[in-house]
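Chains as they are written, first to last, in this note's numbering: chain A, 22 to 368; chain B, 22 to 368. Notes follow the structure.
Right, dumping it as structure tokens:
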């Protein structure tokens, strides 16, 4: 195709921004222009992409005047400041922050699950929260077939979900503890709050701030976004979101109850055939997903599938995926690929 | 008191054995003799206790001839070999292995929960699995008052639960990954099985071997032992047991449903007043249990208490405790203290 495909990445110097660049390349996304944008603080940095140096520019409304698709991952406040400006200038905004996710006029898309929502966009499409994305990729095929009524999920979330500085803090606190020094956390679990706890050799049952109901904002995202993506607000979701000392890859212990009965082997077949899912489920061979091995891959890995011992139609699963890729950058690029398809552009 | 209190520890050189010695001292357990026993391989090692050198002896049936209370923590096969020999020679055996836990003639005791079962022993008392102990300490008061019908629990278990070599392997694989070297695991998740995975910066959803039903033995212990300790086989327990890169302290995300309605503030009061529980539950002050801070303490820490968003009588909790202390050594010493009380011996 000869038409230009002009892509911008806002937040290009962050963990997700860098993964977006990498993912565009891995997916051979047919961009003709790639504009890297960031705040004034990061402007001027040079990023090398396939040997070509790209200078990161400071984002302004005019930055988007010649852009077709803009991937946003620079924080919710930045999205609120620039998304409508970019849309007004003709760009499609794919926003990785939580700014627009629950906006009724904004589709919230996981391409394997609800790609059909793409056509309803009015310029902005939201990329869901990482822990929600991997859960719905695995559960949507089961929901379609058996109607999920109940989800109880406990997460084991990686440091990278809190950004590059959190990865650094995990490394530093881990090294301190290994060396017998006192760890000195200053960021996790929530930078802007008063108390900081070491993540090295620890687990922290707080991700994001608490809401009035005693659940964290991260946990409530898993409730609300799951409802919106699956288009079903009747599913009872009970989340506990926990940060663990892992660099890349979120894991989730998930218990579900379905309305319709299932045969466990059919569940395995459904998941083996599901788009975006890799089944890793053979206890006799100690085969099950682990974040250390899922890191760097695009798929959602599912294993430990077993019928509940008590509940009729109760099922347990273990779901792992790279939170920076499928949980953020790759899902955003997949949404951009829906745009390519709509425009009739082939890679 | 002038009567002799002769204590033996079998498996004195292991992680739990050492913690047993330490716990006897911290509790000022009034022993007059302390005999340290181990396999032939470890015999001859010298352990210093409050400045006094103790030589570890090789265990034989005759080792127990002059012993009142023997704490066993040297593996299930060793317990099967020596427990009845020790009982025949007049010792009370408190066994930390799984050898006798489900034996109907052996009480399985968590002193805060079912100390009354002590009187039924026939020479052997079993110490439950670590992940079960901390869960029932927190749940028993709620079960008594509100009748728990359903438990869904996901664990975050420390390396020390798999012994001292597992702690070493966690440290080595962590350091390798920090230094950019390939980790070389040879022990976890299950030494005798074929595949070994790094625990450093990873989570492994396998603890112990798999049973036919797809659950691991560790998970099934949480079902069966919970039933036995609470004396109620009707509770539906759904466990997922996961190893995380933590040295000491198991964490558990627990969802329960009760038969009777509750007020959340009453739940907090019940737990605040419960023996062996420390309530750490103030989201506004970011107060919740974490293994890094629970390590070295005897209590079970409970927080993140919140009513479920959907289920009537549904409640969520986060339970953390030192798996080597309350999960093993301290619970065993508490059982020995029940014997002291029966004998009318005061510390």
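Every residue, glycine too, gets a C-beta built ideally from N, C-alpha and C.
Task: Three-state secondary structure (DSSP) of residue 177 of chain A - done: strand
- [ ] Note the first and the last residue of the continuous beta strand (DSSP E) segment covering residue 55 of chain A.
- [x] 54-59
Open item on the list: Looking at residue 311 of chain A: is its Cβ nearer than 9 Å to the Cβ of residue 326 of chain B?
Closed with: Cβ distance not < 9 Å, so residue 311 of chain A and residue 326 of chain B don't count as in contact.
Open item on the list: For the region 325-356 of chain B, list every residue whose C-beta sits within 8 Å of some C-beta in chain A, in sequence order.
Closed with: 325, 326, 327, 328, 329, 330, 331, 332, 335, 337 and 339
- [ ] Measuring alpha carbon to alpha carbon, tell me which of B:255, B:316, B:324 and B:43 ends up nearest residue 309 of chain B.
- [x] B:324
Task: Local Cβ density within 10 Å of residue 215 of chain A, reported as buried at 16 or more and exposed below that - done: exposed
Open item on the list: The beta strand (DSSP E) that contains residue 252 of chain A, what's its start and end?
Closed with: Counting along the chain, residue 252 of chain A falls outside any beta strand (DSSP E), and DSSP gives it neither H nor E.
- [ ] Look at the Cβ atom of residue 132 of chain B, then the Cβ atom of residue 356 of chain B, and state whether they are nearer than 9 Å.
- [x] yes
- [ ] Quick one: list the residues of chain A neighbouring residue 218 of chain B, beta-carbon separation under 9 Å, in chain order.
- [x] 307, 311, 313 and 314
Task: 9 Å Cβ cutoff met for residue 65 of chain B and residue 77 of chain B - done: The answer is yes: Cβ separation under 9 Å.
Task: Chain-ordered chain B contacts of residue 276 of chain A [CB-CB under 9 Å] - done: 173, 175, 259, 261 and 276
Open item on the list: Give me the chain A residues within the contact set of residue 225 of chain B, using Cβ-Cβ distance strictly less than 7 Å, ordered along the chain.
Closed with: 311
Open item on the list: Quick check on DSSP: helix, strand or coil for residue 272 of chain B?
Closed with: Residue 272 of chain B sits in a strand when the DSSP states are folded into three classes.
TODO: Consider the Cβ of residue 215 of chain B: report whether some Cβ of chain A lies at a distance smaller than 9 Å.
DONE: yes
Task: contact_flag[the region 345-355 of chain A, the region 247-261 of chain B] where n(CB pairs < 8 Å) is 3 or more - done: no
Task: 9 Å Cβ cutoff, residue 192 of chain B in contact with chain A - done: yes
Open item on the list: What does the alpha-carbon distance come out to for the pair residue 318 of chain B and residue 41 of chain B?
Closed with: 13 Å
Open item on the list: Distance check for residue 36 of chain B and residue 54 of chain B, CA to CA, integer angstroms please.
Closed with: 21 Å
Task: chain A residues whose Cβ lies nearer than 7 Å to that of residue 195 of chain B - done: By Cβ distance, chain A contributes 195 and 199.
Task: residue 192 of chain B burial status per 10 Å Cβ neighbour count (16 or more: buried) - done: buried
Open item on the list: Looking at residue 331 of chain B: is its Cβ nearer than 9 Å to the Cβ of residue 262 of chain A?
Closed with: no
Open item on the list: What does DSSP give as the partner residue(s) for residue 327 of chain B in the beta ladder?
Closed with: Partner(s): B:337.
Open item on the list: Give me the subset of the region 229-242 of chain A whose CB atoms are less than 7 Å from a CB atom of chain B, sorted by chain position.
Closed with: 231, 234, 235 and 236
- [ ] State buried or exposed for residue 98 of chain A, treating a residue as buried only when at least 16 other CB atoms are found within 10 Å of its CB.
- [x] Residue 98 of chain A should be labelled exposed.
- [ ] Would you kindly work out how many angstroms separate the C-alpha atoms of residue 149 of chain A and residue 342 of chain A, rounded to a whole number?
- [x] 14 Å
Open item on the list: Let's test the definition: count the other Cβ atoms within 10 Å of the Cβ of residue 143 of chain B and tell me whether it reaches 16, buried, or not, exposed.
Closed with: exposed
Open item on the list: Contact between the region 120-140 of chain A and the region 261-279 of chain A is defined here as three or more beta-carbon pairs at a separation below 8 Å; is this criterion met?
Closed with: no
- [ ] Return the CA-CA distance between residue 32 of chain A and residue 123 of chain A, expressed in angstroms with no decimal places.
- [x] 21 Å
Open item on the list: Do residue 84 of chain A and residue 178 of chain A have their beta-carbon atoms positioned less than 9 Å apart in this structure?
Closed with: no
- [ ] Could you tell me which residues DSSP pairs with residue 33 of chain A in its beta bridges?
- [x] None; residue 33 of chain A has no bridge partner.
Task: Short CB-CB distance (under 9 Å) between residue 207 of chain B and chain A - done: no
Task: Outcome for residue 70 of chain B when other beta-carbon atoms lying within 10 angstroms are tallied against a minimum of 16 - done: exposed
- [ ] Please list the segments of the alpha helix (DSSP H) lying wholly inside the region 100-135 of chain A, counting only runs of 4 or more residues, in order along the chain.
- [x] Considered as a whole, the region 100-135 of chain A harbours 132-135 as its complete alpha helix (DSSP H) runs of no fewer than 4 residues, in chain order.
Open item on the list: Run through the DSSP bridge pairs and tell me what residue 92 of chain B is partnered with.
Closed with: B:30 and B:115
Task: For residue 367 of chain A, the three-state DSSP class (helix, strand or coil) - done: coil
- [ ] Output, in chain order, the set of chain B residues within a Cβ distance shorter than 7 Å of residue 222 of chain A.
- [x] Near residue 222 of chain A (Cβ distances below 7 Å), the residues of chain B are 266, 267, 268 and 313.
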